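**Q** First residue of the sequence shown: 22, per our numbering; consecutive thereafter. Before we start, here is the structure in question, set down as structure tokens.
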Amino acid sequence: MKAILLYKAINKTAEIIIPGSKSESNRLLILQALFPNLKIQNLSNSDDTVNLAKGLKTKNGLVDIHHAGTAMRFLTAYFASKNGSEIILTGSERMQERPIKILVDALKNLGAEITYIKKEGYPPIKIKGRLLTAATVNVMATISSQYISALMLVAPSFPNGICINLQGKITSAPYINMTLDLLKSLGVNGSFSNNTIKIASLKKCNNQTITIESDWSSASYFYSLVALSDNLKITLKNYRKNSLQGDSELVSIYTKLGVETVFNTLDNSIQIQKTNKTETSLNLDLINTPDIAQTIVVTCFGLGLACGLKGLKTLKIKETDRLNALKTELEKLGANIVITNDGLELFSSGKINKNIEIETYQDHRMAMAFAPLAMKTTLVILQPNVVTKSYATFWEDLKKVGISTQIK
């Protein structure tokens with residue numbers, strides 16, 4: 022499917038079951054590989070999770086994780102600490118442009134044997150797994166929390182555990198806390214305080230089953246749809262009020278964009294609906310929740326609101342340079358937007374151009390973030406199948422809330 026035309030239909034209510042959190046799923050798959058008596062329910066069906074699960078079944082040979090950045094980081098640490106494995110870890114052309122040096126250097130300092138096959142600091146890499154016995158490592162915390170989580174996840178397999186000293190301002194701290202909470206749920210002793218993470222060794226965890234909460238990042242697109250609608254009301258299943266996911270910050274952010282959230286603790290669902298209580302402008306630091314930045318910017322544009330967002334430095338090394346991609350596509354729609362190294366500023370505008378083709382840059386979040394604008398105008402999303410990276414049933418679920426789709 023090369024393109025999909027989106028336009029608004031009529032639907033006032035809908036019920037959606039979003040797949041399990043990709044972030045939780047990927048972490049738990051690594052932990053399950055270390056502790057096979059762990060059972061997982063509601064696993065994400067995203068490409069990233071499927072590729073990670075497939076990679077974990079390989080002991081020797083080539084592992085191609087395609088576009089899955091999380092899988093690249095987590096599998097690098099996993100195979101480096103898996104004694105006896107010998108792996109070449111590679112990915113898509115874009116993946117081979119995404120840096121991994123910080124994680125590789127940290128693992129080497131712990132005793133890992135990793136070499137670059139092409140360009141220094143980037144995949145593909147060759148990994149010879151060995152037992153890692155060093156117990157202390159320093160890691161730059163300013164680039165990606167996934168480097169840190171990767172080390173944390175394999176730390177229980179180290180005979181002496183690990184102490185990670187974080188240097189610089191921490192990026193996406195909620196994801197580090199998610200990793201720590203999942204480790205603790207398995208019985209691992211750990212702490213995160215004053216830029217120091219300590220994870221103890223664990224030989225065996227108790228038999229248990231963990232049910233993964235639905236993905237809050239994916240919920241963001243439905244918050245955007247409600248904000249841009251006249252009176253849409255959506256029920257989202259399998260969400261908890263005390264979530265491990267940092268992107269649950271959506272609840273408070275979208276109150277400022279005219280969306281109310283009501284939690285039903287009896288069946289773990291939420292109902293989101295329009296309130297018409299929208300602020301005139303929005304200023305946020307999203308250093309802890311960068312994955313919802315695209316959704317928020319597009320929502321503000323659709324509402325004609327100004328917004329200033331910072332804490333977005335990591336968006337430059339995602340599936341695409343998301344800041345530049347946002348600027349390019351929003352300007353096609355009529356937006357006035359300025360980007361910096363750390364964020365962006367969107368100026369208020371009441372103009373939205375029609376029938377614009379939105380490039381997705383092989384980035385699932387570009388496709389899904391722009392789709393809710395169908396509440397305001399007709400638009401075309403190019404290469405729409407990119408959404409399978411995190412949310413395979415996205416276009417089907419979009420129809421349930423009143424967005425009609427037509428393959429072009």
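Ideal placement from N, C-alpha and C gives every residue a C-beta, glycine not left out. These numbers come from a predicted model, not from an experiment.
1) Residues in its own chain within less than 7 Å of GLU270 by CB, not counting five upstream and five downstream?
2) Taking a contact to mean a Cβ-Cβ separation below 8 Å, would you say ASN374 touches ILE360 in this structure?
3) Who are the Cβ neighbours of ASP342 in its own chain at under 8 Å, not counting the five residues just before and after it?
4) Using beta carbons (cut-off 8 Å, strictly below), is LEU365 in contact with chain D?
5) Please classify ALA30: is it buried, with 16 or more other beta-carbons within 10 angstroms of its beta-carbon, or exposed?
6) Closest to LYS277 by C-alpha separation, out of SER302, ALA35, ASN406, would be which residue?
7) Just to check my reading of the structure: PHE14 and VAL422 have Cβ atoms closer than 8 Å, yes? What is that Cβ distance to the nearest angstrom?
8) What ranges does the alpha helix (DSSP H) occupy inside the region 105 to 177, keeping only unbroken runs of at least 4 residues that lie completely in it?
9) Going by CA-CA distance only, name the one from SER102, LEU187, ASN227 that's closest to ALA176.
10) Opposite VAL84 in the DSSP bridges: which residues?
11) Can you tell me the Cβ-Cβ gap for ILE108 and ASN81, rounded? I've got them flagged as a contact below 8 Å.
12) Looking only at its own chain, which residues have a Cβ that is under 7 Å from the Cβ of ASP418, when we skip the five neighbours before and after it?
13) Confirm, please, whether the CB-CB distance from ILE293 to ILE255 is below 8 Å.
14) Just to confirm before moving on: does the CB-CB distance between SER113 and HIS88 stay below 8 Å?
15) Round the Cβ separation of GLY182 and THR154 to the nearest angstrom and send it over; I've been treating them as touching at under 8 Å.
16) Is DSSP giving GLY267 helix, strand or coil here?
17) I need the straight-line Cα distance from LYS78 to ILE231, nearest angstrom please.
18) Can PHE95 and ILE148 be called in contact, C-beta distance under 8 Å?
19) Only counting the same chain, and skipping five residues up and downstream in sequence, which positions put a Cβ closer than 6 Å to that of GLN404?
20) Please report the Cβ distance between SER42 and GLU340, rounded to the nearest whole angstrom; I am assuming they are in contact, meaning their Cβ atoms lie under 8 Å.
21) Report yes if the C-beta distance between ALA92 and ASP69 is below 8 Å; otherwise report no.
22) Going by DSSP, name the residue or residues bridged to ASN304.
23) Using the C-alpha atoms, what's the distance from SER245 back to ASN357?
24) Among TRP237, THR111, LEU207, which residue has its Cα nearest to the Cα of TYR196?
25) Can GLU45 and MET199 be called in contact, C-beta distance under 8 Å?
26) What does the alpha-carbon distance come out to for the pair PRO145 and LYS139?
27) Below 8 Å CB to CB, which residues in the same chain sit around THR426 once its five sequence neighbours on both sides are set aside?
28) Out of ASP85, SER166, ARG151, ALA392, which one is the CA nearest neighbour of ILE123?
29) The alpha helix (DSSP H) spanning GLU45 covers which residue range?
30) Run the CB neighbour count on PRO393, radius 10 Å, all protein chains shown included, and call it buried at 16 or more, exposed below.
31) May I ask which residues mark the beginning and end of the alpha helix (DSSP H) holding THR316?
32) Give the single residue among VAL401, THR414, LYS190, LYS410 whose Cα lies nearest to the Cα of LYS429.
33) Tell me the rounded alpha-carbon separation between GLU366 and GLY325.
34) Output the distance between the C-alpha atoms of ASN376 and ASN58, rounded to the nearest integer angstrom.
35) Are the Cβ atoms of PHE284 and ILE291 separated by less than 8 Å?
36) Between ILE86, VAL408, THR398, which has its C-alpha nearest GLN117's C-alpha?
**A** Taking the geometry as given:
1) Counting from one through the sequence shown, the residue named residue 270 turns up at place 249. Around GLU270: THR310.
2) Mapped onto the sequence shown, residue 374 falls at position 353. Mapped onto the sequence shown, residue 360 falls at position 339. No, the Cβ-Cβ distance between ASN374 and ILE360 is not below 8 Å.
3) Counted from its first residue, the sequence shown places residue 342 at position 321. Excluding sequence neighbours, ASP342 sits near LEU336.
4) Of the chains in the structure shown, none is chain D; there is only one protein chain.
5) Along the sequence shown, one-based indexing puts residue 30 at 9. Per the 10 Å Cβ criterion, exposed.
6) Here residue 277 corresponds to residue number 256 of the sequence shown, with the count starting at 1. Cα-wise, what sits closest to LYS277 is SER302.
7) The displayed coordinates of the chain run from 22 to 429. Any statement about residue 14 would go beyond what the structure contains.
8) 122 to 130, 166 to 175
9) Start at 1 with the first residue of the sequence shown, and residue 176 comes out as number 155. Here the closest residue by C-alpha is SER102.
10) On the sequence shown, residue 84 is found 63 positions in, with the first residue counted as 1. Under DSSP, VAL84 shares a beta bridge with LEU110.
11) The residue given as residue 108 occupies position 87 in the sequence shown. The residue given as residue 81 occupies position 60 in the sequence shown. Confirmed, about 7 Å.
12) In the sequence shown, counting from the first residue as 1, residue 418 sits at position 397. Taken in chain order, the residues that qualify are ILE37.
13) The residue labelled residue 255 in the question sits at position 234 within the sequence shown. The residue labelled residue 293 in the question sits at position 272 within the sequence shown. Yes, Cβ-Cβ distance for ILE255 and ILE293 is below 8 Å.
14) For the purposes of this step, residue 113 is taken as residue 92 along the sequence shown, with counting starting at 1. For the purposes of this step, residue 88 is taken as residue 67 along the sequence shown, with counting starting at 1. In contact: SER113 and HIS88 (Cβ atoms closer than 8 Å).
15) Taking the sequence shown and counting its residues from 1, one reaches residue 182 at position 161. Taking the sequence shown and counting its residues from 1, one reaches residue 154 at position 133. Contact flag wrong, Cβ pair sits at about 11 Å.
16) If you number the sequence shown from 1, residue 267 lands on position 246. It is helical.
17) Walking along the sequence shown from the start, residue 78 turns up at place 57. Walking along the sequence shown from the start, residue 231 turns up at place 210. One C-alpha to the other measures close to 21 Å.
18) Along the sequence shown, one-based indexing puts residue 95 at 74. Along the sequence shown, one-based indexing puts residue 148 at 127. Contact: no.
19) The count along the sequence shown starts at 1 and reaches residue 404 at position 383. Counting only Cβ-Cβ distances below 6 Å, and skipping sequence neighbours, we find THR381.
20) Counting from one through the sequence shown, the residue named residue 42 turns up at place 21. Counting from one through the sequence shown, the residue named residue 340 turns up at place 319. Contact doesn't hold; Cβ gap of about 18 Å is too wide.
21) Translated into the one-based positions of the sequence shown, residue 92 becomes position 71. Translated into the one-based positions of the sequence shown, residue 69 becomes position 48. Yes.
22) Here residue 304 refers to the residue found at position 283 of the sequence shown. Paired residue(s): GLY329.
23) Mapped onto the sequence shown, residue 357 falls at position 336. Mapped onto the sequence shown, residue 245 falls at position 224. Taking the straight line from one Cα to the other gives about 20 Å.
24) Along the sequence shown, read from residue 1 onward, the residue named residue 196 stands at position 175. With distances taken between Cα atoms, TYR196 lies closest to TRP237.
25) Walking along the sequence shown from the start, residue 45 turns up at place 24. Walking along the sequence shown from the start, residue 199 turns up at place 178. Yes.
26) Position 124 of the sequence shown, counting from 1, holds the residue named residue 145. Position 118 of the sequence shown, counting from 1, holds the residue named residue 139. Distance between the alpha carbons of PRO145 and LYS139: 7 Å.
27) Position 405 of the sequence shown holds residue 426. Excluding positions up to five away in sequence, the list reads ILE25, LEU26, LEU27, TRP416, LEU419, LYS420.
28) Numbered from its first residue, the sequence shown carries residue 123 at position 102. Of the listed residues, the one whose Cα sits closest to ILE123 is SER166.
29) What you label residue 45 is simply residue 24 of the sequence shown in a count that begins at 1. Segment 43 to 55, the alpha helix (DSSP H) holding GLU45.
30) To locate residue 393, count along the sequence shown from 1; it is residue 372. Classification of PRO393: buried, given that the 10 Å Cβ count is 16 or more.
31) Mapped onto the sequence shown, residue 316 falls at position 295. First-last of the alpha helix (DSSP H) with THR316: 314 to 324.
32) On the sequence shown, position 408 is the one that residue 429 refers to. Nearest option by C-alpha distance: VAL401.
33) Mapped onto the sequence shown, residue 366 falls at position 345. Mapped onto the sequence shown, residue 325 falls at position 304. Taking the straight line joining both Cα atoms gives about 13 Å.
34) Here the question's residue 376 lines up with position 355 in the sequence shown. Here the question's residue 58 lines up with position 37 in the sequence shown. When rounded, the distance between both Cα atoms is 52 Å.
35) Residue mapping note: residue 284 aligns to position 263 of the sequence shown, counting from 1. Residue mapping note: residue 291 aligns to position 270 of the sequence shown, counting from 1. Against a cut-off of 8 Å, the Cβ pair of ILE291 and PHE284 comes out as a contact.
36) Here the question's residue 117 lines up with position 96 in the sequence shown. Per the Cα distances, ILE86.
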